[in-house]
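A.B. asks: Residue numbers (UniProt numbering): 1 to 286.
Don't be surprised by glycine CBs; every beta carbon is placed ideally from N, CA and C.
Sharing a structure below in structure tokens format, with a few things to ask.
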Amino acid sequence: MTRTAVVTGANQGLGFALAQGLATHLLPEDLVLLTGRDAGRVAAATERVVADPSTRSHVEGRVLDVSDADAVARFATGLGAVDIVLSNAVGPLDPGRSQAEQADVFLDVANGGTQAVLRSFGPILRPGGRLLVVASSLGTLGHLPEALRARFDGVPLDDVERAVEDWRTAIHAGRAQDLGWPEWINVPSKVAQVAAVRAVAADRRERDLADGTLVAAVCPGLVDTRASRPWFANFSQAQTPEQAARAVLDLVLDDLDPSTYGELIRFGHVLPWHSGSPTRHEELIG
Numbered sequence: 001m002t003r004t005a006v007v008t009g010a011n012q013g014l015g016f017a018l019a020q021g022l023a024t025h026l027l028p029e030d031l032v033l034l035t036g037r038d039a040g041r042v043a044a045a046t047e048r049v050v051a052d053p054s055t056r057s058h059v060e061g062r063v064l065d066v067s068d069a070d071a072v073a074r075f076a077t078g079l080g081a082v083d084i085v086l087s088n089a090v091g092p093l094d095p096g097r098s099q100a101e102q103a104d105v106f107l108d109v110a111n112g113g114t115q116a117v118l119r120s121f122g123p124i125l126r127p128g129g130r131l132l133v134v135a136s137s138l139g140t141l142g143h144l145p146e147a148l149r150a151r152f153d154g155v156p157l158d159d160v161e162r163a164v165e166d167w168r169t170a171i172h173a174g175r176a177q178d179l180g181w182p183e184w185i186n187v188p189s190k191v192a193q194v195a196a197v198r199a200v201a202a203d204r205r206e207r208d209l210a211d212g213t214l215v216a217a218v219c220p221g222l223v224d225t226r227a228s229r230p231w232f233a234n235f236s237q238a239q240t241p242e243q244a245a246r247a248v249l250d251l252v253l254d255d256l257d258p259s260t261y262g263e264l265i266r267f268g269h270v271l272p273w274h275s276g277s278p279t280r281h282e283e284l285i286g
């Protein structure tokens with residue numbers, strides 16, 4: 001049976017490496033859809049993958065803006081069924097600008113995009129498929145102050161979305177820090193991404209485990225990309241996108257380990273949901 005794989009945010013960096021890795025490992029009759037918001041970049045990235053001599057599967061580029069939930073729904077409906085979905089799109093953050101100023105674009109892509117992908121692709125995921133959201137080790141609940149954890153712990157997807165919008169409102173009102181939200185917006189954003197995955201997985205768990213389907217979040221570790229370079233002073237332990245893609249692709253290509261279902265996975269191991277502790281921005285990027 002022909003398999004269809006979708007990678008979001010695949011123009012460059014980790015997303016590109018994931019699309020390229022799938023194209024290398026899947027079969028000639030399979031289809032890899034490399035997606036991104038910019039048509040020119042999508043076309044250029046697709047050409048690179050197609051020209052790679054290690055590519056085996058069929059590869060097509062598609063324009064997809066994951067911050068547009070209606071566009072994601074139309075895209076999914078047009079496919080009808082998928083076997084692999086890697087949700088990798090992330091909004092840019094510039095350390096030279098206030099994070100409040102950048103919040104809307106960042107949250108629309110990272111959180112709105114994650115939620116849209118889960119809502120639209122979850123229902124069309126074939127039995128035995130893989131739906132993975134690229135997140136971060138910052139996505140464990142303990143990185144939030146205790147007073148905020150109940151907003152994301154064991155709640156349905158609607159409540160996760162509501163918490164993100166309440167946080168967005170607080171940012172624009174200048175009240176986010178007064179309400180305990182961390183200064184670095186990447187922290188609540190990643191927690192919300194993992195909470196969204198957990199919410200969807202909780203509804204599907206029994207059926208998915210019975211047919212070998214995996215819904216999970218994945219932490220690729222520190223990756224040396226254009227997006228991450230402005231934020232970190234020390235890249236001595238950073239991976240190339242190709243190196244970081246390997247552990248993610250292992251989850252796609254290997255048999256299902258039931259212990260990973262609905263969890264945040266880092267290099268094949270589950271990061272406990274309640275682990276972590278509130279950390280200052282400077283400690284995270286030092």
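Quick one, which of R3, I265, A39, L271 has its alpha-carbon nearest G129's?
C.D. replies: Considering only R3, I265, A39, L271, the residue with the shortest C-alpha distance to G129 is R3.
A.B. asks: Quick check: what's the CA-CA separation for E29 versus A23?
C.D. replies: 11 Å
A.B. asks: Just tell me which of P92, N111, L86 has its CA closest to the CA of A69.
C.D. replies: N111
A.B. asks: For the beta strand (DSSP E) containing A150, name the first residue and the last one.
C.D. replies: Segment: none, A150 is in no beta strand (DSSP E) and carries neither H nor E.
A.B. asks: Among V7, S189, A245, whose alpha-carbon lies nearest the alpha-carbon of V85?
C.D. replies: V7
A.B. asks: Which residues in the same chain have their Cβ closer than 6 Å to the Cβ of F16, if we skip the five residues on either side of it in sequence?
C.D. replies: A10, A45
A.B. asks: I'd like the list of long-range same chain contacts for V109, defined as Cβ closer than 7 Å, with 5 residues on each side in sequence excluded.
C.D. replies: Its chain contains V66, S67, A89, V90, G91 as the residues whose beta carbon lies nearer than 7 Å to that of V109, once the 5 sequence neighbours on both sides are disregarded; these appear in chain order.
A.B. asks: DSSP state of H143, grouped into three classes?
C.D. replies: Three-state DSSP puts H143 in a helix.
A.B. asks: Which whole-angstrom value is the C-beta distance of G61 and V42, which I expect to be below 8 Å?
C.D. replies: 4 Å
A.B. asks: Going by beta carbon distance, what residues of the same chain come within less than 6 Å of E283, once the five residues before and after it are set aside?
C.D. replies: Summary for E283: the model assigns pLDDT 47, below 50, so the residue's position carries little reliability; its value from the coordinates is reported in the next sentence. Nothing listed; no residue qualifies.
A.B. asks: In chain order, which continuous runs of the alpha helix (DSSP H) of length 4 or greater are located wholly inside the segment 21 to 66?
C.D. replies: 39 to 51
A.B. asks: With DSSP as the reference, label G113 as helix, strand or coil.
C.D. replies: helix
A.B. asks: Helix or strand or just coil, what does DSSP make of H274?
C.D. replies: coil
A.B. asks: In chain order, what residues of the same chain have a beta carbon less than 6 Å from the beta carbon of G286, not counting five sequence neighbours either side?
C.D. replies: Reliability fails at G286, whose pLDDT of 38 lies under 50, so the model's placement of it is uncertain and no value is given.
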